[in-house]
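What follows is one structure encoded as structure tokens, with my remarks underneath.
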Amino acid sequence: MSSFTPTRKNRRALIWDKAATGSFYALGAAVLLFIFWLLYTILSKGLPGINLQFLTKLPEEIDVGGGIGPVLFNSFYILILSLIISIPIGLGAGIYMAEYAPKNKFTEGLRICVETLSSVPSIVFGMLGLAIFAEYFDIGLTILGGAVSLAFLNLPTLARVTEEAVRAVPIELRNASYALGTTKFQTIRTVILPVSLHAIVTGICLVAGRAFGESAVIILTAGLSTSGEMWDFNLFSPGETLAVHLWYVHSEAIVEDAKQIADKSAAVLVFVVLFLNLLFRVPLWFNNRKLKK
Amino acid sequence: MSTPVHDLPAQKGTLLQTPVQQSSRWKRGRGSRVRFTNGLFKYYFLFSILALCLVLALVIFFIGKTAILTFKDISLAQFFLSFDWTPEEGKFGAASFIVNTISLTALTLLFAVPISIGMAILIAEIAPKWLKSFIRPILDLLVGIPSVVYGYLGLTVLIPIIRTLSGENLGDGLLAASLVLTIMILPTVSRISDDAISAVPKKYREAAYALGSTRLQVIMKVVLPAAARGIAAAIILGMTRAIGETMAVVMVIGNTAQLATSLFSPTSVLTSNIVMQISNVEFDSTWNYALHMMAFLLLVISFGLIMIIRLISRKRGDVA
Amino acid sequence: MKLFKKISLVAVAAAFVLSSAGVGSSVQAAGSVSGKITINGSTALLPLSLQAAKEFQRLNPKVKIAASGKGSVTGPQAVKKGIAQIGACDWDASTDVPGFKAFAGQVANKVAVIPFATVVNKSVSVDNLTTDQLKGIYSGKITNWKEVGGSDADIVVITRAFGSGTRVNYQAKALGGGDIVKKAKNYKEVGSSGDMKTAVSTTPNAIGYIDLVYVSGGDLKAVKHNGVAATVDNVIKGTYKIWSYGYYMTKGQPTGATKAFIDYVQSKKFQEGSLKKLKFIPISAMK
Numbered sequence: 133m134s135s136f137t138p139t140r141k142n143r144r145a146l147i148w149d150k151a152a153t154g155s156f157y158a159l160g161a162a163v164l165l166f167i168f169w170l171l172y173t174i175l176s177k178g179l180p181g182i183n184l185q186f187l188t189k190l191p192e193e194i195d196v197g198g199g200i201g202p203v204l205f206n207s208f209y210i211l212i213l214s215l216i217i218s219i220p221i222g223l224g225a226g227i228y229m230a231e232y233a234p235k236n237k238f239t240e241g242l243r244i245c246v247e248t249l250s251s252v253p254s255i256v257f258g259m260l261g262l263a264i265f266a267e268y269f270d271i272g273l274t275i276l277g278g279a280v281s282l283a284f285l286n287l288p289t290l291a292r293v294t295e296e297a298v299r300a301v302p303i304e305l306r307n308a309s310y311a312l313g314t315t316k317f318q319t320i321r322t323v324i325l326p327v328s329l330h331a332i333v334t335g336i337c338l339v340a341g342r343a344f345g346e347s348a349v350i351i352l353t354a355g356l357s358t359s360g361e362m363w364d365f366n367l368f369s370p371g372e373t374l375a376v377h378l379w380y381v382h383s384e385a386i387v388e389d390a391k392q393i394a395d396k397s398a399a400v401l402v403f404v405v406l407f408l409n410l411l412f413r414v415p416l417w418f419n420n421r422k423l424k425k
Numbered sequence: 287m288s289t290p291v292h293d294l295p296a297q298k299g300t301l302l303q304t305p306v307q308q309s310s311r312w313k314r315g316r317g318s319r320v321r322f323t324n325g326l327f328k329y330y331f332l333f334s335i336l337a338l339c340l341v342l343a344l345v346i347f348f349i350g351k352t353a354i355l356t357f358k359d360i361s362l363a364q365f366f367l368s369f370d371w372t373p374e375e376g377k378f379g380a381a382s383f384i385v386n387t388i389s390l391t392a393l394t395l396l397f398a399v400p401i402s403i404g405m406a407i408l409i410a411e412i413a414p415k416w417l418k419s420f421i422r423p424i425l426d427l428l429v430g431i432p433s434v435v436y437g438y439l440g441l442t443v444l445i446p447i448i449r450t451l452s453g454e455n456l457g458d459g460l461l462a463a464s465l466v467l468t469i470m471i472l473p474t475v476s477r478i479s480d481d482a483i484s485a486v487p488k489k490y491r492e493a494a495y496a497l498g499s500t501r502l503q504v505i506m507k508v509v510l511p512a513a514a515r516g517i518a519a520a521i522i523l524g525m526t527r528a529i530g531e532t533m534a535v536v537m538v539i540g541n542t543a544q545l546a547t548s549l550f551s552p553t554s555v556l557t558s559n560i561v562m563q564i565s566n567v568e569f570d571s572t573w574n575y576a577l578h579m580m581a582f583l584l585l586v587i588s589f590g591l592i593m594i595i596r597l598i599s600r601k602r603g604d605v606a
Numbered sequence: 017m018k019l020f021k022k023i024s025l026v027a028v029a030a031a032f033v034l035s036s037a038g039v040g041s042s043v044q045a046a047g048s049v050s051g052k053i054t055i056n057g058s059t060a061l062l063p064l065s066l067q068a069a070k071e072f073q074r075l076n077p078k079v080k081i082a083a084s085g086k087g088s089v090t091g092p093q094a095v096k097k098g099i100a101q102i103g104a105c106d107w108d109a110s111t112d113v114p115g116f117k118a119f120a121g122q123v124a125n126k127v128a129v130i131p132f133a134t135v136v137n138k139s140v141s142v143d144n145l146t147t148d149q150l151k152g153i154y155s156g157k158i159t160n161w162k163e164v165g166g167s168d169a170d171i172v173v174i175t176r177a178f179g180s181g182t183r184v185n186y187q188a189k190a191l192g193g194g195d196i197v198k199k200a201k202n203y204k205e206v207g208s209s210g211d212m213k214t215a216v217s218t219t220p221n222a223i224g225y226i227d228l229v230y231v232s233g234g235d236l237k238a239v240k241h242n243g244v245a246a247t248v249d250n251v252i253k254g255t256y257k258i259w260s261y262g263y264y265m266t267k268g269q270p271t272g273a274t275k276a277f278i279d280y281v282q283s284k285k286f287q288e289g290s291l292k293k294l295k296f297i298p299i300s301a302m303k
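Each protein sequence line maps, in turn, to chains W, L and R.
For the first sequence, this note's numbering begins at 133 and goes up steadily by one.
For the second sequence, this note's numbering begins at 287 and goes up steadily by one.
For the third sequence, this note's numbering begins at 17 and goes up steadily by one.
Spelled out as structure tokens, the structure:
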């Protein structure tokens, strides 16, 4: 090693390397600073005014001091329903594409389907949901319609992320598992899914975060009103969510403290997404620790 | 690099029959149950992907059946080649929206791809562990900020800045829209590329380092080509989200049906025009049909862009 | 056990049939009404609909009301398609208006009076505009504030999308049916009243129009129209002309829960109470 004398080319490579590392860090710092500024702008305006009352009270049209109780509840309710619908199908589709799909034209077609579906603008899913639920089934604007339409929106992303995650599982693990005489499904269940779980959960977090903030779909399918009571589990109630309420307050509300309500709602939304991330990830961290021991 | 991973499932179908059949030595119940679930889930997975395609088929059917009516009243040539969109006077030329949509998407990718991939490399290859586990959740947070908030911040913070810097009166336009979109797709692209880069087997890197490569060389010549598939997927996902995003774009693009002659002229893209007008037109009017046709066109355009990116990434993959 | 289940099922079904039959045969006394009402349409009337729905459901717990909004014309269209019982609309959709044909077979129920105002950014020194000046500005013939007595600066025109109820009324009453320019360098369309307020407030030299209710805060101001200030009093006196009725469109004459709801909205209690607090003008105030 000591006899190694760097050539000019070596030296240039090293300088480039240093410079690149530096600029990657600079880029990272700039992006992080920007994100912090963004979060600060949103949270600092909203968070200080939030109290339990705001989170549980009913929205008001006339009087100052309305809350977001039912819309916050609806947000979670619709999000969970849509995830219940989309996760099994999304994961299933992703696993099929990664593990089962033969390499042929048909599979190519399926993949293009998934990608095209992910480019469908959310408002189109809203129009589709409206046509299916309000026109065809004639049940009006409901939580059910909102949840299903939102699930449509989630599906392609979930499938895509699952496929990538499953593909990333090293081939040695599969071979080892098959060598033990397991069936394909046993291998998927006991080897592939646990190994790729981390990436899949990242995907679910991304999807859940986006779904939580989605408004165009919900306005068309679940409406802009609530049933006016807390804890309404009825699938056929109108289901305004927090993101929709935020849109409404920004766009049309005439109550005097509309601006504060909008700021506070935005802060709550961001906060909830942070919370969701934690909720999904903390168990994973513990899991990772266990694996390492 | 895609070959080894890819080929396995194909062989598998034949391979796995053998061990399962031999298992008749097992207790009969367990053996058949295992075989049954194995078969069942294969069909379940197939069913899932077909369900996804069914949703797409529903979308195409629903949009298409209205869209096709457009051409009862106006000619294909007028719709695709005319730049004049004045529905009140029966002029339905969508060409300017098409061009604008493509320029907006290109501009957005121009900003977003280098930044996102840079972030992905930083997270996956360069940053120490504590920094990784710090940046990742923060990037994810960006996804959860509702588009209305992005639009509002764009309108109240970004546009005044653009207005002072450019000396324009309005500031709305392609630049503002693409900057907002860049921030919106940044987390999607960088997190999925990050996953793809992290999934590159360690031995590739070790082999490259053993040859005396610097980190930059390893990243550029080994890791990125090996992760090209995943990165292409990330870019596609980001791009499709950019094409389909509406609520935020509408607030900063100006919504004027004209071809964007500069980065700062108020203009309109397919999505923003659909959103602005779809709720204000009569159901059975040519105008409504034309808007549906534009939604359909959006599908076609993103389909085309997806094909192009796939082609590029496949060529790259072969070289690597 | 099974038998018991069956009996209770029949009982529930019978009760359901009876109650829905009750809705069918024109209902009357508050508290006994039940049914499901979907309101769609104008976003300008949405605060009113939401407030009325809240109060009405408190009095009639058996009625379920879902409200949503997208644009005025969505209202009568949703009614026509049968996906809503009430279509909120900023104009009388049972007659022709510029750009929209009449919806046959629908009844327009007046529920409120909505005043509109011309607004400008605080940087604009002009405080009165005539119909002709407005026409010139919106048709693109007047492009500089100095042509209407202001300082030397380009006029930035902000308008609502075609088909917006606010735009239909403003065009008819403030511009005398005049044209609104579609393509220009300093021209922008926004999608909602809130966006209009934000855009005019943050864009120097901007002009726009908006429901009078939203005119508040220091960054935008309402200008006089032909010398008359945009105030509720002037609307009632009949000197300020830019206003319109807000309508609930129904398929034929309203019946059942829908009728009870519209009756409630038109009742003196609601008109003089909540509706006034929402800064709409009661319909009875107009001659």
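Heads up, the beta-carbon is just placed ideally off N, CA and C, and yes, glycines get one too.
Exercise for the section: Could you check what DSSP says for L355 (chain L) in three-state terms: helix, strand or coil? Expected result: coil
Problem - Contact set between R501 (chain L) and chain W, taken where Cβ atoms lie within less than 9 Å - result: D149, A152, T153
Handout entry: Sequence-distant residues of its chain with Cβ nearer than 7 Å to K22 (chain R) (five each side left out)
Key = In this prediction, K22 (chain R) has a pLDDT of 48, which is less than 50 and means its spatial position is unreliable; what the coordinates show is noted afterwards. Around K22 (chain R): no qualifying Cβ.
Practice task
Note down, in chain order, all residues in the region 524-538 of chain L with a beta-carbon under 8 Å from any beta-carbon belonging to chain R.
Solution key: V536, M537
Exercise for the section: State buried or exposed for F331 (chain L), treating a residue as buried only when at least 16 other CB atoms are found within 10 Å of its CB. Expected result: buried
Exercise for the section: Measuring alpha carbon to alpha carbon, tell me which of R:V129, R:S283, R:S167, R:Y203 ends up nearest K157 (chain R). Expected result: R:Y203
Exercise for the section: Kindly indicate which three-state DSSP category G341 (chain W) falls into: helix, strand or coil? Expected result: helix
Problem - Cβ of F317 (chain W) within 7 Å of any chain L Cβ - result: yes
Handout entry: Below-7 Å beta-carbon distance, P63 (chain R) vs any chain W residue
Key = yes
Handout entry: Option in R:L66, R:Q93, R:G243 with minimal Cα separation from K80 (chain R)
Key = R:L66
Problem - Given L378 (chain W) as reference, the closest of W:A152, W:A398, W:V387, W:T274 once Cα atoms are compared - result: W:A398
Handout entry: Whole-Å CB distance - T537 (chain L) paired with G440 (chain L), under 8 Å assumed
Key = The amino acid occupying residue 537 (chain L) in the given sequence is Met; Thr does not appear at that position. The Cβ separation is near 6 Å, so the contact holds.
Practice task
Identify, in the order they occur along the chain, each residue of the same chain with its Cβ nearer than 7 Å to the Cβ of D51 (chain R), setting aside the five sequence neighbours on each side.
Solution key: Checking the displayed sequence, the identity of residue 51 (chain R) turns out to be Gly instead of Asp. Closer than 7 Å at Cβ, skipping near neighbours: V39, V79, G272, A273.
Handout entry: Residue from L:T468, L:L428, L:P423 with nearest C-alpha to L444 (chain L)
Key = L:T468
Practice task
Measure from the C-beta of E267 (chain W) to each C-beta in chain R and report whether the shortest distance is under 7 Å.
Solution key: yes
Problem - Nearest to T542 (chain L) (by Cα), restricted to the options L:A380, L:L472, L:M593, L:P487 - result: L:A380
Problem - beta strand (DSSP E) runs wholly inside the region 56-127 of chain R, at least 3 long, in chain order - result: 79-83, 102-105
Problem - Cβ contact (3+ pairs, closer than 8 Å) linking the region 333-343 of chain W and the region 473-484 of chain L - result: yes
Problem - Alpha-carbon to alpha-carbon, D480 (chain L) and I216 (chain W) - result: 27 Å
Problem - Environment of A37 (chain R) [buried if 16+ CB atoms lie within 10 Å] - result: Per-residue confidence for A37 (chain R) stands at a pLDDT of 39, beneath the threshold of 50, marking its modelled position as unreliable; no derived number is given.
Exercise for the section: Note down, in chain order, each residue of its chain lying with its Cβ closer than 6 Å to the Cβ of V486 (chain L), except the 5 sequence neighbours on either side. Expected result: V509, A512, A513
Exercise for the section: Report the residues of the region 138-172 of chain R with a CB closer than 7 Å to any CB of chain W, ordered along the chain. Expected result: none
Practice task
Could you please tell me which residues of the region 423-456 of chain L, in chain order, have their CB closer than 9 Å to any CB of chain R?
Solution key: G437, Y438, L441, T442, I445, P446, R449, E454, N455, L456
Practice task
At 7 Å on the CB atoms, spell out the chain W contacts of V229 (chain R), in chain order.
Solution key: I386
Practice task
Spell out whether any CB of chain R is found under 7 Å from the CB atom of Q364 (chain L).
Solution key: no
Problem - Cβ neighbours of S309 (chain W) in the same chain (closer than 6 Å, five flanking residues each side left out) - result: T319, V323
Exercise for the section: Reducing DSSP to helix, strand and coil, say where N11 (chain R) ends up. Expected result: Coverage of chain R is limited to positions 17 through 303, which leaves residue 11 (chain R) absent and any answer about it impossible.
Handout entry: Contact with chain R by P253 (chain W), beta-carbon distance below 7 Å
Key = no
Problem - Cβ-based contacts, 9 Å cut-off: residues of the region 317-345 of chain L near chain W - result: V320, R321, T323, N324, G325, L326, F327, K328, Y330, F331, L332, F333, S334, I335, L336, A337, L338, C339, V341, L342, A343, L344, V345
Problem - Own chain residues within Cβ distance below 7 Å of V555 (chain L), not counting five before or after - result: F383, N386, T387, L390, V535, I539
Exercise for the section: Assign N559 (chain L) to one of three DSSP states: helix, strand, or coil. Expected result: helix
Exercise for the section: Please list the partners that Q67 (chain R) has in chain W, where partner means a Cβ-to-Cβ separation under 8 Å. Expected result: E193, I194
Practice task
Check whether the Cβ atoms of A546 (chain L) and L451 (chain L) lie closer than 7 Å to each other.
Solution key: no
Exercise for the section: My understanding is that S250 (chain W) touches P288 (chain W), with C-beta atoms under 8 Å, so please give their C-beta distance in whole angstroms. Expected result: 4 Å
Exercise for the section: Determine the direct distance from the alpha carbon of P432 (chain L) to that of K284 (chain R), and round the result to whole angstroms. Expected result: 40 Å
Handout entry: Cα-Cα separation, I560 (chain L) to W107 (chain R)
Key = 23 Å
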